[in-house]
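Read the structure below first, then the notes.
There are 2 protein chains.
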Amino acid sequence: MMSTHEPLAIGIDIGGTGTKFGIVDRIGNVLFSSEMSTKKHKTIDTFIDELHEHLSTLIEKAGGIGRMRGIGMGAPNGNFYSGTIEYAPNLPWKGIIPIAKLVSDKFKLDVTLTNDANAAAIGEMMYGAAKGMKDFIMITLGTGVGSGFVANGQLIYGHDGFAGEIGHTIVLPDGRIHEGTGKKGSLESYASATGVRLTALEVLENSSEPSLLRDLDKDTIDSKAVYDAAIKGDKLALEIFEFTGKILGISLANAVMISSPEAIVLFGGLTKAGDLILKPTREHMEENLIQVFQNKVKILISHLKESDAAILGASALVWEKEK
Amino acid sequence: MMSTHEPLAIGIDIGGTGTKFGIVDRIGNVLFSSEMSTKKHKTIDTFIDELHEHLSTLIEKAGGIGRMRGIGMGAPNGNFYSGTIEYAPNLPWKGIIPIAKLVSDKFKLDVTLTNDANAAAIGEMMYGAAKGMKDFIMITLGTGVGSGFVANGQLIYGHDGFAGEIGHTIVLPDGRIHEGTGKKGSLESYASATGVRLTALEVLENSSEPSLLRDLDKDTIDSKAVYDAAIKGDKLALEIFEFTGKILGISLANAVMISSPEAIVLFGGLTKAGDLILKPTREHMEENLIQVFQNKVKILISHLKESDAAILGASALVWEKEK
């Protein structure tokens, strides 16, 4: 039973399409939650007005503002130190947005901001697969590829609060160009949803091998379609996962040799392909590790409910700050 | 003037060829130092006996064992948690060597061990170019390539104490094979002394361009020879540094996007080439960084005296432990 005096935290996860928010207790129960469109708000002001309206209803249900200990927010390019979102390519608001201050002024509550993958890392450390770990890497494989590095029990924010961008590290120099950044050969240009789709189109183009994927309209080819073909034994579909796993495996090996984690926690759409993606990833990771790191690092799949994970992670920032 | 009560620390740096050791005060003066051969000792026992003999003389000169607060040691593949050296390819002793315990038993002093690049990082943080910084990366460019990552003011040792091995991260998948590890395309196989030499031989082989380097006996071509040719404007020599800087620059960009440091401190032989190597390194680093990281991270050259740096870094482990 919920005590009426128990402190609660608000978690807000801002994504390019939608924003999820909810009220969470200290042990990680999402008590109330909802979502709204991010995309339709051309200005940050109307976005915050709508967010405030929705959240006020939830806050009342949960016992009023007095029980709220603070607000944790995850957002692409969210900066922990400055509380600003800076040049986020997938959000409708350009430039530098002082979102933590704007939300704090509106709600009269403390606001802690970080990028979405860092928030996910704290959520996993507090409630998920990384519970109790002091050194691990969180990797989110979704529309983009994000990461959070935890060392000595602390999230690494770095000197200016933008650390953890493994998705933009270069795995194949002079490789595929990333549409958002213009950089060549980054992890995200291969291991994201878009990346897998592009690999599929390339593999189909460069081979004359028959494939179930050839029966599909090109526009509908995505990692789910590749998965469906691969479980039927489709050779090209398997090749697409093998290639994606090779790139991801090399990148994980590099991250392991730098930070020597206990585990890597994977989260997001691509993990639904299970061993089809995990097996080549693990193999290429081990193959590229030097001896002292081999056969030590666990690759774990997040077991947090996908609908709750983003809110949980964001809310965890509030408790993390109080530590 | 040296107070007779001031506590002192012993620093020992074990290298593949020689071992340096000395006695250091808290503000980083190396009061007494000397060195001995590592290579000639087939067993760890005779190595420690000789080390004890030499150091005992220095300890007496410095006021006796009572003033020694502890021993800090840097060694390849030195593990901070276990105090062991594990499978170090360049040392004469194979397998797992419990060196911290052996040295501690012999000297009756506390011993802290880590790998040589991590020790260098702590030395730079305490006395060198990274003084006062909380987030930086130390890179040692010598016979091998080592690194130490400092985040939130703490060295990252990782879950089992081997973190910081940027030299073994893969920069060019399926690239040049590393003789010691068997891995392909690692930073160390390009940005080490051996790596630069191999690049020089490859560039000479694959081009018919005239070069001052063609006048040399192949066995004598090293980064010094490439430097001498490059400052005379030799086109192939410049190309060798450009290529090396490209590989190093990509690797630094990746490290920056993961850890968002205030600065990168470079140390070791290759840095003597100055702008010939730094300019391409910086250019390729910036080129591969996404916008939020660009034009922010300083690349600094260590200004510690090369003869003292290893001893200083090792001794700093003693004070670091007391923090």
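Protein chains in written order, with the working numbering: chain A, 1 to 323; chain B, 1 to 323.
Ideal placement from N, C-alpha and C gives every residue a C-beta, glycine not left out.
This structure is a prediction, so every number in the text was calculated from the model and none was measured.
8 Å Cβ cut-off: residues of chain E touching residue i
i	result
lysine 218 (chain A)	No chain E appears in the structure shown, which is made up of the protein chains A and B.
Three-state secondary structure assigned by DSSP to residue i
i	result
methionine 1 (chain A)	With a pLDDT of only 47 at methionine 1 (chain A), under the threshold of 50, the placement of this residue in the model should not be trusted, and no figure is reported.
alanine 310 (chain B)	helix
glutamate 205 (chain B)	helix
leucine 155 (chain A)	strand
glutamate 287 (chain A)	helix
serine 37 (chain B)	strand
lysine 305 (chain B)	coil
serine 251 (chain A)	helix
lysine 42 (chain B)	coil
serine 189 (chain B)	helix
arginine 197 (chain B)	helix
lysine 94 (chain B)	coil
lysine 235 (chain B)	helix
lysine 184 (chain A)	strand
glycine 63 (chain B)	coil
threonine 220 (chain A)	helix
threonine 17 (chain B)	coil
serine 56 (chain B)	helix
threonine 271 (chain B)	helix
Test: residue i CB closer than 8 Å to a CB of chain A
i	result
methionine 1 (chain B)	Here the model assigns methionine 1 (chain B) a pLDDT of 47, short of 50, so the residue's position is not dependable and the matter cannot be decided.
proline 261 (chain B)	yes
alanine 117 (chain B)	no
glycine 164 (chain B)	yes
valine 183 (chain B)	Going by the sequence as given, residue 183 (chain B) is lysine instead of valine. Yes, because at least one Cβ of chain A sits closer than 8 Å to the Cβ of lysine 183 (chain B).
lysine 296 (chain B)	yes
proline 173 (chain B)	yes
glutamate 320 (chain B)	no
valine 203 (chain B)	no
tyrosine 227 (chain B)	no
asparagine 77 (chain B)	yes
Beta-bridge partners of residue i, as assigned by DSSP
i	result
serine 147 (chain B)	B:Ile139
lysine 298 (chain A)	A:Ala263
phenylalanine 32 (chain A)	A:Ile23
valine 111 (chain B)	B:Ile71
glycine 11 (chain B)	B:Gly22, B:Gly72
glycine 78 (chain B)	B:Ile85
lysine 279 (chain A)	Answer is none; lysine 279 (chain A) lacks a bridge partner.
Limits of the unbroken beta strand (DSSP E) element including residue i
i	result
glutamate 6 (chain B)	Note, glutamate 6 (chain B): premise wrong, no beta strand (DSSP E); not H, not E.
C-beta atoms of residue i and residue j nearer than 8 Å
i	j	result
isoleucine 71 (chain B)	phenylalanine 47 (chain B)	no
isoleucine 301 (chain B)	arginine 282 (chain B)	no
isoleucine 96 (chain A)	glutamate 86 (chain A)	yes
serine 139 (chain A)	isoleucine 166 (chain A)	The residue you asked about is not serine; residue 139 (chain A) is isoleucine in the sequence shown. Yes. Within cutoff.
leucine 278 (chain B)	valine 256 (chain B)	no
leucine 172 (chain B)	glycine 269 (chain B)	no
alanine 62 (chain A)	leucine 31 (chain A)	yes
threonine 17 (chain A)	methionine 36 (chain A)	no
threonine 55 (chain A)	phenylalanine 21 (chain A)	Checking the sequence shown, residue 55 (chain A) turns out to be leucine, not threonine. Closer than 8 Å, so yes.
aspartate 116 (chain A)	glycine 83 (chain A)	no
proline 92 (chain A)	lysine 39 (chain A)	yes
alanine 191 (chain B)	threonine 244 (chain B)	yes
glycine 175 (chain A)	lysine 184 (chain A)	yes
leucine 248 (chain B)	leucine 213 (chain B)	no
glycine 274 (chain B)	alanine 119 (chain B)	no
lysine 134 (chain A)	glycine 158 (chain A)	no
isoleucine 10 (chain A)	isoleucine 23 (chain A)	yes
isoleucine 258 (chain B)	threonine 169 (chain A)	yes
Min CB distance residue i to chain B below 8 Å
i	result
aspartate 160 (chain A)	yes
threonine 169 (chain A)	yes
alanine 255 (chain A)	yes
asparagine 288 (chain A)	yes
tyrosine 324 (chain A)	It is not possible to answer for residue 324 (chain A), since the shown part of chain A is limited to 1 through 323.
valine 196 (chain A)	no
tyrosine 81 (chain A)	no
For residue i, the first and last residue of its enclosing alpha helix (DSSP H)
i	result
asparagine 118 (chain B)	116 to 127
lysine 224 (chain A)	223 to 231
aspartate 328 (chain A)	What is shown of chain A runs 1 to 323, which leaves residue 328 (chain A) out entirely.
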